[in-house]
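Student:
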Amino acid sequence: MIKILYRFFFIVLLSTAISSCSENYEDIDPSSFNQKISLRYDVKTPEELLKSYYIDSNEVSLQITVSKKIIEKNNYQITLINERVDDDAVRKEKIMMFAKFDGTHWKVNEIRRNWKCEGGRGGSTEWGINECP
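Counted the way the UniProt record's numbering counts, the sequence shown spans residues 1 to 133.
#1: Starting from the C-beta of Cys132, find all residues in its chain whose C-beta is less than 6 Å away, skip the five residues before and the five after it, and write them out in chain order.
#2: Tell me whether Glu93 sits in a helix, a strand or coil according to DSSP, three-state version.
#3: Terminal residues of the continuous beta strand (DSSP E) containing Ser67?
#4: Considering only residues of the same chain and omitting the five flanking positions on each side of Ser52, which have a CB-CB separation below 8 Å?
#5: Considering only C-alpha positions, which residue in the set Glu110, Thr65 and Asp102 is nearest to Lys73?
#6: Applying the criterion that 16 or more other CB atoms from any shown protein chain within 10 Å of the CB defines a buried residue, is Glu93 buried or exposed?
#7: Tyr25 and Asn114: beta carbons closer than 7 Å?
#8: Over the uninterrupted alpha helix (DSSP H) stretch that includes Asn36, give me the two end residues.
#9: I need the boundaries of the beta strand (DSSP E) containing Cys117, first residue and last residue.
#10: With a threshold of 6 Å on Cβ separation, who are the neighbours of Gly120 within its own chain once the five nearest residues in sequence on each side are excluded?
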């Protein structure tokens, strides 16, 4: 009986630890960006796509890294992290985009955003969507 309780406690503890590691995101409607990008033929790579979204809307000095993951043929998960955000309460900002390339045009299905707050100010230093004080 005690072994069963220990196993149960261990499973509950493990599942809590795993579920607390998942990130929350703010969803952004991609329709206006899809309209804008439908007129462009010069954007050929996933990295160019995400940079054209983010840099056009942020006219500050940026320190960004962009990575891509192929989900399936011509479908990508693209992630941009800006480490120089124009907000003294926010340490980093992340944009995640899910998009498909048909050989000529891009279609963005999802855009997600989250951030990390600066430490020592009472906000979360983990990726999330809570307000940074």
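Heads up, the beta-carbon is just placed ideally off N, CA and C, and yes, glycines get one too.
Everything numeric in this text was worked out from a predicted model, so none of it was measured.
Tutor: According to the structure shown:
#1: Sequence index remark: in the sequence shown, residue 132 carries index 132 (1-based). Short of 6 Å from the beta carbon of Cys132, and not among the five residues preceding or following it, lie these beta carbons of its own chain, in chain order: Ala89, Val90, Cys117 and Gly123.
#2: For the purposes of this step, residue 93 is taken as residue 93 along the sequence shown, with counting starting at 1. Glu93: strand per DSSP, three-state reduction.
#3: Within the sequence shown, the letter at position 67 stands for residue 67. Counting along the chain, the beta strand (DSSP E) containing Ser67 begins and ends at Ile64 to Glu72.
#4: As a first step, residue 52 is located in the sequence shown; it is residue number 52 there, counting from the start. Only residues of its own chain outside the window of five on either side were considered, and among them Ile37, Arg40 and Val43 have a CB closer than 8 Å to the CB of Ser52, listed in chain order.
#5: Stepping through the sequence shown from its first residue, residue 73 is reached at position 73. Closest by C-alpha distance to Lys73, out of Glu110, Thr65 and Asp102, is Asp102.
#6: Looking up residue 93 in the sequence shown gives position 93. With 16 or more other Cβ atoms within 10 Å, it is buried.
#7: Locating residue 25 in the sequence shown gives position 25, where the first residue counts as 1. Locating residue 114 in the sequence shown gives position 114, where the first residue counts as 1. Going by C-beta atoms, Tyr25 is nearer than 7 Å to Asn114.
#8: Working through the sequence shown from its first residue, we reach residue 36 at position 36. In the sequence on display, residue 36 carries Lys and not Asn. For Lys36, the uninterrupted alpha helix (DSSP H) run begins and ends at Ser31 to Ile37, by DSSP.
#9: Taking the sequence shown and counting its residues from 1, one reaches residue 117 at position 117. Residues Trp106 to Cys117.
#10: Numbered from 1 along the sequence shown, position 120 holds the residue referred to as residue 120. Hits under 6 Å: none found.
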